[in-house]
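Colleague: Those protein sequences? They're chains A and H, same order as listed. Using this note's numbering, read the first sequence as starting at 5 and increasing by one per residue. Using this note's numbering, read the second sequence as starting at 55 and increasing by one per residue. I have a structure I would like to understand better, so I am pasting it below and will then ask my questions one at a time.
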Amino acid sequence: MLQPYVPILLLIVFVVANAAMFIALSHLLSSTRRTAVKIAPYESGMPVLGDARERVSLKFYLVAMLFIIFDIEVVFMVPWAVAFQQLAGLRGLLLIEMFVFILILAVGYVYVWKRGALEWD
Amino acid sequence: MTPEMKGFLLLTVIKLIVVFTVIMTGVALLTLMERKVSAWMQNRMGPNRVGIAGLLQPAADGLKNILKEETYPAEANRVLFLLAPALSFIPALLLAAVIPLAAPLPVDFAFTLGPLGAFAYHGLMPVQVADLPIGFLFVLAISSMGVYGIALAGWSSNSKYSLLGGLRASAQLISYEVAMGLSLIPVLLLSGNVSFSVIIAEQQRGPWYVLPLFLSFFVFLVSGFAETNRLPFDLPEAESELIAGYHTEYSAMKFSMFFIAEYANVVTVCMMVATLFFGGWDIPFIHWDESGGVLPTIVTGLIFFLKVFFWIFFVMWIRWTLPRFRYDQLMSLGWKVLLPMALAYVMVIGLATYLIGDVAHIASPVTRGLILFALNLVLGCGVFLVLDRGNVVSGSERRRVPGRRAAPLRVGG
Numbered sequence: 005m006l007q008p009y010v011p012i013l014l015l016i017v018f019v020v021a022n023a024a025m026f027i028a029l030s031h032l033l034s035s036t037r038r039t040a041v042k043i044a045p046y047e048s049g050m051p052v053l054g055d056a057r058e059r060v061s062l063k064f065y066l067v068a069m070l071f072i073i074f075d076i077e078v079v080f081m082v083p084w085a086v087a088f089q090q091l092a093g094l095r096g097l098l099l100i101e102m103f104v105f106i107l108i109l110a111v112g113y114v115y116v117w118k119r120g121a122l123e124w125d
Numbered sequence: 055m056t057p058e059m060k061g062f063l064l065l066t067v068i069k070l071i072v073v074f075t076v077i078m079t080g081v082a083l084l085t086l087m088e089r090k091v092s093a094w095m096q097n098r099m100g101p102n103r104v105g106i107a108g109l110l111q112p113a114a115d116g117l118k119n120i121l122k123e124e125t126y127p128a129e130a131n132r133v134l135f136l137l138a139p140a141l142s143f144i145p146a147l148l149l150a151a152v153i154p155l156a157a158p159l160p161v162d163f164a165f166t167l168g169p170l171g172a173f174a175y176h177g178l179m180p181v182q183v184a185d186l187p188i189g190f191l192f193v194l195a196i197s198s199m200g201v202y203g204i205a206l207a208g209w210s211s212n213s214k215y216s217l218l219g220g221l222r223a224s225a226q227l228i229s230y231e232v233a234m235g236l237s238l239i240p241v242l243l244l245s246g247n248v249s250f251s252v253i254i255a256e257q258q259r260g261p262w263y264v265l266p267l268f269l270s271f272f273v274f275l276v277s278g279f280a281e282t283n284r285l286p287f288d289l290p291e292a293e294s295e296l297i298a299g300y301h302t303e304y305s306a307m308k309f310s311m312f313f314i315a316e317y318a319n320v321v322t323v324c325m326m327v328a329t330l331f332f333g334g335w336d337i338p339f340i341h342w343d344e345s346g347g348v349l350p351t352i353v354t355g356l357i358f359f360l361k362v363f364f365w366i367f368f369v370m371w372i373r374w375t376l377p378r379f380r381y382d383q384l385m386s387l388g389w390k391v392l393l394p395m396a397l398a399y400v401m402v403i404g405l406a407t408y409l410i411g412d413v414a415h416i417a418s419p420v421t422r423g424l425i426l427f428a429l430n431l432v433l434g435c436g437v438f439l440v441l442d443r444g445n446v447v448s449g450s451e452r453r454r455v456p457g458r459r460a461a462p463l464r465v466g467g
């Protein structure tokens, strides 16, 4: 039963081995001469100002949270879409269910939009 | 182990190596094609020194990148810095494994190989590394893994450009993933299965899904551009603002791995477009390609290659046609235009399939496809007018009015 997944496992092993080989090969074949200027982070040739590990804009976390909400919605829709074609007798019910689900989400979506979570300024 | 199991494993290993090699070579040639197409569109020569017409340029680039000095920026997180290119390389090359490349090939062999024992395989062999029953979900799941590599690369480099590029890329990728996922729900609604072979088989019975699901195709194509960081959405590595974005600090083979991952993602998205909306390896109107044989496999493989090649060319074409979006435009296009559009489209297609199948009792996939196509024509015109807001349709008209200044150009949402 799990036979179709065996090739994926083999492929993962193969691709990981290749990735490791690329990194190792380039590490072994290259010569390294570290100088203070060379290892400084690139800032268009100007002296480095401060550190890059700064606090980042809250916006990015907000996008990540919204993503989780809406992506779970997509995950719910996949089995629904498949069942919709296969359970021919229940289609009317399934359709109403999904409309209610989308309506609830739409309320949240409008709220998020009106509160300005989708604005970048 | 039974001889059948061993035969299956043997074929798997062969297919795996072939597909991996094809993708790696394809990616190498794509870098050359990208430069040649760019040169052609800008009326210049492009690379033409290494080999005949520059054909060996990718090999020279690869060799250079293997031998080049590696740099680790000061105070970079060494472990994550090394891990990041591998983390974006691995998912990118896993993706193409589940996409059928040609019609199933009839294979029939049984032989014994010394101490390894007997190998046997009888029947049709799918021309893809793994014929997963969950093929479509696998692509969605693995393609989201690419974000880790990019986010970690941006953070671990300890460079401000990298950090900004990484943040931008992660926010962009996850934003458009929602629209991408939603745009594919109508495909599942029509096909009723998440396996790629079934989706292709359904498209052989009716019209290709680009006709009945045109708006899905449009949303998928736009989010595909954003997911692969291609122009007009290449903000994560906008060279005029961020140098090279998340891979600013990378050199040598680690840089190459990001590059390979990026092009492999382009190939995968183009394969997805061809498979989900253009019938995969299907040749329209004839059924010879489904007969099963060596010749149909070869021909359908070529047809699939042509379809993918066209979409790859399309991606490069768009690069030199559209200017780059601004970041707020990019985000509002994803969240305020594509997401509600895809959501509403799911409801429309759901309702339409219900009305066609259960109220009007039309069972033929061809008739159903044509009715949906007519619906799409109407919807498409409406969407175009809303998105356009008078820029193209009446924009020239407005500029011609004497004594009035031209209306400011509004792009995006």
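No residue lacks a Cβ here, since even glycine has one placed at the ideal position from N, Cα and C. Keep in mind the model is a prediction, meaning the values are calculated, not measured.
List the endpoints of the continuous beta strand (DSSP E) containing Pro23/H.
Modeller: The requested residue 23/H does not occur in the structure, where chain H is confined to residues 55 to 467.
Colleague: Using a C-beta cutoff of 8 Å, does Tyr202/H count as contacting chain A?
Modeller: No, because no Cβ of chain A sits closer than 8 Å to the Cβ of Tyr202/H.
Colleague: Count the other CB atoms within 10 Å of the CB of Leu170/H; is the residue buried (16 or more) or exposed (fewer)?
Modeller: With fewer than 16 Cβ atoms within 10 Å of its Cβ, Leu170/H is classed as exposed.
Colleague: Does DSSP put Met50/A in a helix, a strand or coil?
Modeller: Correct three-state label for Met50/A: coil.
Colleague: Taking the C-alpha atoms as reference points, what is the distance between Gly80/H and Ala156/H?
Modeller: Near 17 Å, if we compare the C-alpha coordinates of Ala156/H and Gly80/H.
Colleague: To be precise: take each residue of the stretch 42-63 of chain A, compare its Cβ to all Cβ atoms of chain H, and keep it if any distance is under 9 Å. Which residues remain?
Modeller: Within the stretch 42-63 of chain A, the residues whose Cβ lies closer than 9 Å to some Cβ of chain H are Lys42, Ile43, Ala44, Pro45, Tyr46, Glu47, Ser48, Val52, Leu53, Gly54, Asp55, Ala56, Arg57, Glu58, Val60, Ser61 and Lys63, listed in chain order.
Colleague: Against Ile239/H, what residues of chain A qualify as contacts under a CB-to-CB distance less than 9 Å, listed in chain order?
Modeller: By Cβ distance, chain A contributes Val78, Met81, Val82, Trp84 and Ala85.
Colleague: Name the one or two DSSP bridge partners that His176/H has.
Modeller: DSSP output for His176/H lists Asp162/H as bridge partner(s).
Colleague: With Thr85/H as the anchor, note down where its alpha helix (DSSP H) starts and where it stops.
Modeller: It spans Pro57 to Met95 - the alpha helix (DSSP H) in which Thr85/H sits, taken as one unbroken run.
Colleague: Taking just the CA atoms, how far does Thr302/H sit from Asn468/H?
Modeller: Because chain H spans 55 through 467 in this model, residue 468/H falls outside it and cannot be assessed.
Colleague: In whole angstroms, give me the CA-to-CA distance for Tyr202/H and Trp342/H.
Modeller: One C-alpha to the other measures close to 44 Å.
Colleague: Examine the ligand COA and report whether any of its heavy atoms sits within less than 7 Å of the Cβ of Gly93/A.
Modeller: What this structure holds is no ligand at all, so the ligand COA is not there to describe.
Colleague: Please determine if the stretch 401-411 of chain H and the stretch 98-116 of chain A are in contact, where contact requires at least 3 C-beta pairs separated by less than 8 Å.
Modeller: With a cut-off of 8 Å, the stretch 98-116 of chain A and the stretch 401-411 of chain H count as touching, because enough Cβ pairs lie within range.
Colleague: Along the alpha helix (DSSP H) that carries Lys118/H, what are the first and last residues, could you check?
Modeller: Taken as a continuous stretch (DSSP letters only), the alpha helix (DSSP H) holding Lys118/H covers Gln111 to Leu121.
Colleague: Given Ser245/H, which residues of its chain have a CB within under 7 Å of its CB, disregarding the five upstream and five downstream residues?
Modeller: Excluding positions up to five away in sequence, the list reads Val252, Ile253 and Glu256.
Colleague: Is the beta carbon of Pro145/H closer than 8 Å to that of Gly200/H?
Modeller: Cβ distance < 8 Å, so Gly200/H and Pro145/H count as in contact.
Colleague: Please classify Lys118/A as buried or exposed, where buried requires at least 16 other C-beta atoms within 10 Å of its C-beta.
Modeller: Exposed, by the Cβ-count rule.
Colleague: Quick check on the DSSP output: what are the complete beta strand (DSSP E) runs of length 3 or more inside the stretch 48-83 of chain A, in order along the chain?
Modeller: Listed in chain order, nothing qualifies, since the stretch 48-83 of chain A has no complete beta strand (DSSP E) run of 3 or more residues.
Colleague: So which residues on chain A does Met55/H lean against when the C-beta distance must stay under 8 Å?
Modeller: Residues of chain A passing the Cβ test: none, with the nearest at roughly 12 Å.
Colleague: Is Gly112/A close to chain H, meaning its C-beta is less than 8 Å from at least one C-beta of that chain?
Modeller: So no, Gly112/A is outside the interface.
Colleague: Would you please verify whether the beta carbon of Ile108/A is less than 8 Å from any beta carbon of chain H?
Modeller: Cβ-Cβ to chain H under 8 Å: no for Ile108/A.
Colleague: When the Cα atoms are used, what is the spatial distance from Ile352/H to Thr329/H?
Modeller: Their backbone Cα atoms lie some 17 Å apart in a straight line.
Colleague: Using beta-carbon positions only, say whether Pro160/H and Gly346/H come within less than 8 Å of one another.
Modeller: The answer is yes: Cβ separation under 8 Å.
Colleague: For Gly347/H, which three-state DSSP category applies?
Modeller: Looking at Gly347/H - three-state DSSP - the assignment turns out to be coil, as it is neither helix nor strand.
Colleague: Report all residues from its chain with a CB closer than 6 Å to the CB of Ser216/H; omit the five preceding and five following residues, and keep chain order.
Modeller: If we look at Ser216/H and ignore the five residues flanking it on each side, its Cβ neighbours are Gly208, Tyr300, Thr302 and Glu303.
Colleague: Report the residue from Glu88/H, Ala315/H and Gly434/H whose alpha carbon sits nearest the alpha carbon of Ala138/H.
Modeller: Checked all of Glu88/H, Ala315/H and Gly434/H; the closest Cα to Ala138/H is Ala315/H.
Colleague: Does the distance from the CB of Leu289/H to the CB of Gln226/H come in under 8 Å?
Modeller: Going by C-beta atoms, Leu289/H is nearer than 8 Å to Gln226/H.
Colleague: State the Cα-Cα distance for the pair Val78/A and Glu129/H, rounded to the nearest angstrom.
Modeller: Distance between the alpha carbons of Val78/A and Glu129/H is about 40 Å.
Colleague: Could you confirm whether any beta carbon from chain H is found closer than 8 Å to the beta carbon of Leu94/A?
Modeller: No, no contact with chain H.
Colleague: Of all Cβ atoms in chain H, is any one closer than 8 Å to the Cβ of Ala21/A?
Modeller: Chain H, which has no Cβ nearer than 8 Å to the Cβ of Ala21/A, makes this no.
Colleague: Under 7 Å between beta-carbons, which chain A residues line up against Phe268/H? List them in chain order, please.
Modeller: Within 7 Å Cβ-Cβ: nothing; Phe268/H doesn't reach chain A, min ~18 Å.
Colleague: Given Asp336/H, which residues of its chain have a CB within under 7 Å of its CB, disregarding the five upstream and five downstream residues?
Modeller: So the list reads Ile254, Gln257, Gln258 and Asp343, once near-sequence residues are dropped.
Colleague: Can you name the start and end residues of the alpha helix (DSSP H) that Val281/H belongs to?
Modeller: Looking at the sequence itself, residue 281/H is Glu, so the reference to Val does not match. Where Glu281/H is concerned, the enclosing alpha helix (DSSP H) stretches over Phe268 to Glu281.
Colleague: Report all residues from its chain with a CB closer than 8 Å to the CB of Ala140/H; omit the five preceding and five following residues, and keep chain order.
Modeller: Here the set comprises Gly203 and Met311.
Colleague: Buried or exposed for Cys324/H, going by 16 or more other Cβ atoms inside 10 Å?
Modeller: Cys324/H comes out buried.
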